[in-house]
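Since the structure comes first, as C-alpha cells, the remarks are kept for the end.
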Amino acid sequence: MSIDTFKAKSTLLVGEKEYEIYRLDAVPGTEKLPYSLKVLAENLLRTEDGANVTADQIRSLANWDASAEPSHEIQFTPARVVMQDFTGVPCVVDLATMREAVTELGGNPDQINPLNPAEMVIDHSVQIDVFGTANALQRNMEIEYERNQERYQFLRWGQSAFQNFKVVPPGTGIVHQVNIEYLARVTMAQVNDGVLQAYPDTCVGTDSHTTMVNGLGVLGWGVGGIEAEAAMLGQPVSMLIPRVVGFKLSGQIPAGATATDVVLTITQMLREHGVVGKFVEFYGEGVGAVPLANRATIGNMSPEFGSTAAIFPIDDVTLDYLRLTGRDEEQIALVEAYAKEQGMWHDPSVEVEYSEYLELDLSTVVPSIAGPKRPQDRIVLSEAKSAFRDVLPTYVKEEIEMEIDSALEATFPASDPVAPGADDEHPAPVEEPGAGRPHRVTPVTLADGTLTELDHGAVAIASITSCTNTSNPSVMMAAAMLARNANRLGLRPKPWVKTSMAPGSQVVTDYYEAAGLWDDLNALGFNLVGYGCATCIGNSGPLPEEVSKVVNDADLAVVSVLSGNRNFEGRINPDVKMNYLASPPLVIAYALAGTMDFDFGTEPLGQDRDGNDVFLADIWPDADEVQATIDASVNREMFTSSYSDVFAGDERWRSLDTPEGSTFAWDGESTYVRKPPYFEGMTMELTPVEGIEGARVLAKLGDSVTTDHISPAGAIKWDSPAGLYLAGRGVERRDFNSYGSRRGNHEVMIRGTFANIRLRNQLLDGVEGGYTRNFLSGEQETIFDAAQAYREAGVPLVVLAGKEYGSGSSRDWAAKGTALLGVKAVIAESFERIHRSNLIGMGVLPLQFPAGENADSLGLAGTEVFTIAGIEELNEGRTPKTVKVRTEKDGSVTEFDAVVRIDTPGEADYFRNGGILQYVLRNLARSA
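Under the working numbering, the first residue of the sequence shown is numbered 74, with each subsequent residue one higher.
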C-alpha cells in the first residue's frame, strides 16, 4: 500500500464508475516531464512504500534534468508481463522449480504465483516445413503439435496451476500483435486492496520487441526472462531515470514509400545518433497524422536502434485504434478521461523539454531495404544491386575467381548508354568498364523436374513474416495488391524461391478474404503457412532438399528477403549467408526477381502474356487504392470475432492430456522440459562474493556480437553437441526441432550456447562456429566440450568482447548459458542494456575495458591467465567502480582497471545473492 507522501491519492469519475488515481499535479515539476517520464512518475507515486520506492525517487523524477547523464535510480513496477513461448517456457520452468525450492527453504509453494497479470502467446514454435500449397497452414500446425506436445502439456499445466497466468494457444498470432490488438489496456482498471484503481498500462516482455506496444502509448520494453520472472513475482525493475530523445515527425510518406521504409530510415538515424539506454519519444504536429499501425511499426524497431523504448503519446488516433480493434466503449472512455486528467494527452502546442532532439520529414523517405546482416544497415532500393555486388566478395571464398559478366557487358557495352529495349522511363544500366562480381552458376533440378541454375545472390527465401510489418494493413494490403497486379500479368516467382506468408494475427486473413486477394497471393506461392514469427526468428524451415544440396556443395552465397526486424548472421536459415529486410510488397518483388543482383528501376521482373517487359513500377499498387481497400475491408467485427475466445484454443489444444497438481511432476526422460540446477544447494545464507583467479578465456570476440551469436537459436545440427545429446537419448534427427522449442531443457541449451555457425572466436584462425582453443589440451574443441573440461579441472572462465556486446533480442539463455558454461566474467568495450542486466541476473560479472581501450590495444591475445580482484567489496555493501584485472603469459604481465557495470544498488543485491531468482526466492521464504 502506498504511503502517499505527496497526498496524491484522489478519485476520477468516468461515466458512473469512480476510480482511485494518484494525481501527478500533486508533485510540482511533473507537468513539464515528457510523456514517458510522466508514466514513470505516476508509477512511483502509486507504489511508494518508503523502502523500494521512496519520496526521494519521486522528487528526483520531478526535478529531472534533461541534460544530465542518468544517475538517479528508481524502482519501476510494471502493471503486467507478456511472454512468447520460446522465452516464456523457461520462465514457467523456473517458477515450477521455485515452488519446490521455496518449500526446501521453509516457505509455502503457493507463494510462487504471478502477482501481476502474466500472459503468454505461443507464437514462436511454428516452422515453415510446408509451403506453397493450400494445406500448408494445416500441415504446419499438425507438425507443430507433434513436435511440441511435451511443451504444450507443460504450459497447459502452468495455466491451471498458477494464478494470474494465461496462455494464448498456438495459431492465434504473434505476441506483439496480439498485445496491441487485444491484451493492451492502455489504462489499467484493477481492484487493489479492495479499491478500483486506474493507472497507466505498463509492461515488460520476454522479447525485445515488446516495444511495439509503445505505439499505443503503453510504456514497456523487453527484459530477459529472469527479470520478467521477478516482475511477475512483484519485484520492481531497477533502472536509472533515462535521457529522453525527442523525435519530431513532420510531412507525409510519399507515394512509392512504405511504413517499412520509414522504420528503416528511423533505425539508421537513431543508431547513428546513439540512443542505447535512452527513451525515444515522438512529438510534434506530424504525430497526429501517423496512423496507429505505423506507430506500432516504429515502436517495434526500438531494439534495432538500441533505445529502451520508442513511444507515442495517447491521442485521438489511439482511441480510434482501440475502437477499431474491439475494445469496449467504457474502456475507451477511461483511457481518454485518465490521459486528459493526468496531462498525458498529446498536445503538440505544449512545449516539452527533451534531452536530445531529432527530426524526420516523412516526405523525404525513399524505398529501402536493410542488410545483409544488420537492420541498421539501410540501403536505398535504387542502390541495392550495387551494394550487393560490393559486399558479395566478403561472403565467397577467395579461390572463387572474380569474373566479368560477359553477357551483361555484351548486352550493355559501356560505349552505348541506352541498350536495346530501354526507354526513357526504364533506362538500361551502364556497367563500369571491368565491373564484375563473383559467379558460381550451378545447375539444379528441382523436385518437380524443373531444370534451372543457381548463383550467388539467388533469393532462396522470400517470406512475409514477423510482427514488424504484419500488424500494418498498409504494407500488408500493398503486398497483396502487388501480387494481384503481378498475377494478372502472368508473373511468377522464380522456381527456387521458398515463398511464405505468416501473418501476425488471424485478422490479416479476414481482411485479405474481404478484399478478395488470397487467390492472387496463393497464385504466387505466398500461401498461408501459419500465424507466428516463423522466418524472422529462424523458423524458416529447411530449403527444398535439392536446393540445399546445391547451395552447400557449391558453397553459394544465397540470400533471404523477409519483412522482419532481424537479419543477423546465421539467424534465418543455416544455408543462407545473407539476409535482407524489406517491406512486404518488396518481398514479393524479390521473389519475382529471384536474385539480389537486380535493379528494379532498369530490369524487368518478367514478361506479360503478350511478351511485354514488366517492371516493378508497372505493378506497384497506387497508395490511394491501397487505403481505399483497407477502408472497405478492415472492420471492428474482425477483431471482436478473432479474439472472442482467445484463451480457449482449438480442438488440438483443448484435447491435450494435461498434468495436475500445484507442483510439476518432472519426467526424467523428457528432452523438452527438465528441472534446472539454479537452486541446487541453495541456503538462506549468502555465499560471499569472491575474486576470480586462474581464469582462462573461453572466447575472444569482436564488435557487434549479438545474442543471436551467443544464445541457442534456429535448427539443431545433427553433429553439434546438442544434436549428439538428443541422438544419445533416442531422438530421431527429424525430431530434433529447434533450440527455441527446447528452451525448457537446460542440457540442450548449454550445448547450444556460443554455437552459432557464424560466430568468429578469435582464439582460432579462420574458423567459424561454436569452437574454441582448449588451453588444457591445446586442441580445438567445441565450446561446450572445452567448458566441460575446464569445469572438471576447476578452472573459471572469462569472455573477451568488443563493442555492443549482447545486442539483439532479450534472450535469457544468452546469460543462462553463459553462466552454466562456467563463465564468471565478461569483459567488453560496451554492452547492450538487456544482456548486461541478464548477466548480472545470472551471477556473471559484466566488466568494461577502460575508455578507449580494448583487448587488442592492451595486447591481449586471449591466451593469458586472468585474475580479477576487488569485486569482494560487494560483501561490505559497496559496489566498486573498477576492479583490477591482471593477466599473465610466459612471465609477461598486463594490468588494467576494468569498469564494473553493476549500475544500480538493486543489481548489486542480485549479484550478491548469486542472481535475481535467488534474491527473490530468499525474500519470499523470509516472508512466509
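Idealized CB from N, CA, C, for every residue including glycine. A quick note: this is a predicted structure, and the numbers were derived from the prediction, not measured.
Cβ contact annotation for A174 (same chain, cutoff 7 Å, sequence separation greater than five): F752, M755 and L994, in chain order.
Counting only the Cα atoms, F352 lies some 21 Å from G298.
The residue among D122, S140, R172 and S198 with its C-alpha nearest the C-alpha of Y745 is S198. Judged by their CB atoms, V602 and A304 are not nearer to each other than the 8 Å cut-off. Restricted to the segment 318-401, the beta strand (DSSP E) segments that are unbroken, complete and at least 3 residues in length are 352-356 and 382-384, listed in chain order. In terms of Cβ geometry, M342 and L431 form a close pair [threshold 8 Å]. In this model, E300 and T279 are separated by some 8 Å (Cα to Cα). Contact between the segment 348-362 and the segment 313-320 is present: 3 or more CB-CB pairs across the two stretches fall below 8 Å. Considered as a whole, the segment 600-634 harbours 618-626 as its complete alpha helix (DSSP H) runs of no fewer than 4 residues, in chain order.
Distance from the CA atom of V240 to the CA atom of S880, rounded to whole angstroms, is 28 Å.
Exclusion of the five residues before and after A135 leaves V100, P101, G102, T103, L106 and A114 as the residues of its chain whose Cβ lies within less than 8 Å of its Cβ. The segment 248-263 and the segment 380-400 touch, with no fewer than 3 CB-CB distances between them shorter than 8 Å. When only Cα atoms are considered, F149 and A412 end up about 20 Å apart.
About 7 Å separates the CB atoms of V570 and A533; that is less than 8 Å, so the two are in contact.
For P658, the enclosing alpha helix (DSSP H) covers residues P657 to A666. When the Cα atoms are used, I830 and G643 turn out to be separated by approximately 6 Å. Here E432 carries a strand assignment [DSSP, helix/strand/coil]. In this structure, S784 places its C-beta atom within 8 Å of the C-beta atom of A887. Secondary structure note for P794: it is in no beta strand (DSSP E), and the uninterrupted alpha helix (DSSP H) holding it is P794 to A800. Take F204, set aside five residues on each side of it, and the residues of its chain with a beta-carbon closer than 8 Å to its own are K571, T572, S573, G598, N600, V602 and G614, in chain order. Under a 10 Å Cβ-count criterion, A721 is classified as exposed, with fewer than 16 other Cβ atoms of the shown protein chains found around its own Cβ.
Residues R644, I645, N646, A786, G787, A788, S811 and G813 of the same chain have their beta carbon placed closer than 8 Å to that of G611, with the five preceding and five following residues left out of the count. Boundaries of the alpha helix (DSSP H) around R999: I989 to S1000. Of R462, L933 and A559, the smallest CA-CA separation from F969 is found for L933. As DSSP reads the structure, M261 sits in a beta bridge with Y272. When R727, R513 and E820 are compared, the shortest CA-CA separation from A630 is found for R513. If you draw a 10 Å sphere on the C-beta of P750, you find fewer than 16 other C-beta atoms in it, and that means exposed.
When the beta-carbon positions are compared, S83 and E121 stay at least 8 Å from each other. In the DSSP assignment, the residues bridged to N847 are E852. Under a 10 Å Cβ-count criterion, P151 is classified as buried, with 16 or more other Cβ atoms of the shown protein chains found around its own Cβ.
Residue burial is scored here from C-beta neighbours: W137 has at least 16 other C-beta atoms within 10 angstroms and is therefore classed as buried. Contact holds between the segment 321-329 and the segment 434-446, because three or more Cβ pairs, one in each stretch, are under 8 Å apart. V548 has its alpha-carbon roughly 43 Å from the corresponding atom of Q130. Around the Cβ of E905, a 10 Å sphere holds 16 or more other Cβ atoms; the residue is buried. Between V872 and V896, the gap from beta carbon to beta carbon is short of 8 Å. Taking every protein chain shown into account, the CB of G347 has fewer than 16 other CB atoms within 10 angstroms, so this residue is exposed.
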